[in-house]
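One line per chain: the protein sequences are A and B, in this order. So for the first sequence, this note's numbering puts the first residue at 14; every next one is plus one. So for the second sequence, this note's numbering puts the first residue at 495; every next one is plus one. First comes the structure, then the notes that go with it.
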Amino acid sequence: MSAAAGARVAAVVGGVVRQAVEDAGAAGVVLLDDGSPEARLAAEWCGAALGPERVFSVAPPPRDAVEAVLAAARGGVRGAPEVGAAELHRLFGRLMAAERKALLAHPANKTALLLAAAVPPEPLLPLGDLYASEVERLAGSWSAPPEVAALADLAGGIDRLDAALIEHLDRRRPAEAALASLPPAARAAVLDALETGRFARRRIGLVPKLTTRTLGVDYFA
Amino acid sequence: MPPLRLAVYQSTPKLRDPEENARRIVAAAAAARADLLVTPELSLTGYNVGDDVARLALPADVGCALPFPGLGDAAPTLVGLIERGDAGVHYNTAALVEAGRVAFRHRKLYLPTYGMFEEGRFFGRGGDLLTFEPAEGWRAGVLICEDFWHPALAYVLAMARVHLIVVMAAAAGRGVFQGGEAGGRFASADVWERMARVTAQLYGVYVALANRAGVEGAVTFTGGSVVVGPDGSVLARGPEEGEAVLEVTLDPEEVRRARTPYAHLRDDDPRLTMRLLARLVEGA
């Protein structure tokens, strides 16, 4: 990816974020910062568009705080599962967004949005039209929920997985043909993942449009 | 036949704010000193107005006065507006405004209603394709965005002997990694420019593509307005982001030169085309 392409993508994403903040009459953006390369990239681009003072990153709460809260909620039952930590992180983000009159943003990439079991409910998804492999080229690495990372392994790497997704989505080849380059087990798992989340993906936050089929804009599968 | 001073205002309309957008257009016209100022599709209202179509619609019959002070005073100005039609049907319309009044009108013929586009839900479809005279001896026609993707319309304008085809567009950016030689340009912007150049060269006409910039919702409009000479060369190009005014003096001699020694336009046979189409359409 050329430097010009990277700069242009940053400008387009920043422009959409700036307009969304203006349209909402918001003070800025609260970003759920999970420490991922996506979160760093989103923070950088939102900061460039709005000014860093208008981007508020919320880190996941400390493990012991999560356990304490969950234990209290469950009447003393110990052992907080990962989903509990993620939900608590989300709750902290909502509280901060409400307090600061800001838009809540999630840094998920497109590969994760397409294939993960759950779709983030946040109203702004600044990297939602960038595949994980594109994030890797821009930020040096990528991240996704465990089930998507497992799919990438099964496919023979994130580049192969994304290439097949691009073939299907952006070049509009039928799924079976587009995914033919993947090992059979990966192909079946990807088809299953695409099918499983298709209703959830119809109601999704604002995704800056970069490609020919963008979630929430013109991706209707 | 004198040269035509053309200005293309690549604007970033403020959604649902026609008064503010008109003020900006009036200012651009005053600064440009042109014989004709061209603006993008729906330049008075912004593109994705949704259910506000009826509230923002205005009468735009020829002779109608528009409620925007100064519009069309400094130069005849092509604006994009929502036209209030009969029986509750509204149109995506280009209006040539001279001294505050509509002097010419084109209703968009092809309303994209697929993928990200919903125009068929909100607008009625135009039914005619006329030309106007922007200056002594000059003949021009207008196409609105999707109209340009139907090359029969450019052909009809060429058969009407236009010297200039104006394309008023609100073209959304798609394929950010595929466009431009060095990357960093939407592929869709490349396509629009290619279409403008091919059309100009095929028919030996000037093509002025006024495409808007800015953002609405998730969509980034690609700017990149161009004025193309009748030989297909790009005479002026707007930036991919932000507002700009392109000023180009169009020379009728260039039109003549582009059509000589080539004789494609002279030799074109619309009766042959009609016969062939009639056979396809009606089995005649």
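Just so it is clear, CB atoms sit at the ideal spot from N, CA and C, and this is done for glycine as well.
DSSP places Asn586/B in the strand class (E or B) of the three-state scheme. Leu83/A: not part of any beta strand (DSSP E); member of the alpha helix (DSSP H) spanning Arg76 to Ala86, first to last residue.
Measuring C-alpha to C-alpha distances from Glu513/B to each of Pro561/B, Asp546/B, Met495/B and Ala664/B identifies Pro561/B as the nearest. Here Glu592/B carries a strand assignment [DSSP, helix/strand/coil]. Closest option to Asp622/B, judged by alpha-carbon separation, among Leu637/B, Ala629/B and Phe611/B: Leu637/B.
Asn515/B: member of the alpha helix (DSSP H) spanning Pro512 to Ala526, first to last residue. Here Thr124/A carries a helix assignment [DSSP, helix/strand/coil]. For Met662/B, there is no enclosing alpha helix (DSSP H); the enclosing beta strand (DSSP E) has its first and last residue at Leu658 to Ala663. By the Cβ-count criterion, His181/A is buried, with 16 or more other Cβ atoms from all chains shown falling within 10 Å of its own Cβ. At least one CB of chain B lies nearer than 7 Å to the CB of Thr225/A. Annotation: the continuous beta strand (DSSP E) that includes Phe69/A extends over Val68 to Val71. Chain B places a beta carbon closer than 7 Å to that of Asp231/A, counting this residue as a contact. Contact check for Pro764/B against Met653/B passes: the beta carbons are separated by less than 7 Å. For the stretch 656 to 671 of chain B, the set of residues with a beta-carbon nearer than 9 Å to any beta-carbon of chain A comprises Ala666, Gly667, Arg668, Gly669, Val670 and Phe671, in chain order.
Note that the stretch 98 to 109 of chain A touches the stretch 57 to 75 of chain A; at least 3 beta-carbon pairs, one per stretch, sit closer than 8 Å. Beta-bridge annotation (DSSP): Val42/A is paired with Val68/A and Leu116/A. By the Cβ rule, the stretch 644 to 658 of chain B does not count as touching the stretch 206 to 221 of chain A, because fewer than three pairs are nearer than 8 Å.
Shown here, Arg615/B sits in a helix according to DSSP, grouped into three states. Within chain B, no residue has its CB atom less than 8 Å from the CB of Gly38/A, the nearest being about 14 Å off. Your pair Ala712/B and Val701/B does not check out as a contact, with CB atoms roughly 29 Å apart and the cut at 8 Å. Within the stretch 210 to 224 of chain A, contact with chain B at the beta-carbon level (separation under 7 Å) is assigned to Leu219, Val220, Pro221, Lys222, Leu223 and Thr224. The beta carbon of Leu140/A sits closer than 8 Å to those of Val26, Glu51, Leu54, Ala55, Pro120, Ala121, Asn122, Lys123 and Val148, all from its chain and outside the five residues before and after it, given in chain order. CA-to-CA, the gap between Leu759/B and Val43/A works out to about 59 Å. If you check each beta-carbon in the stretch 535 to 546 of chain B against every beta-carbon of chain A, none falls closer than 8 Å.
The DSSP-derived three-state label of Gln504/B is strand.
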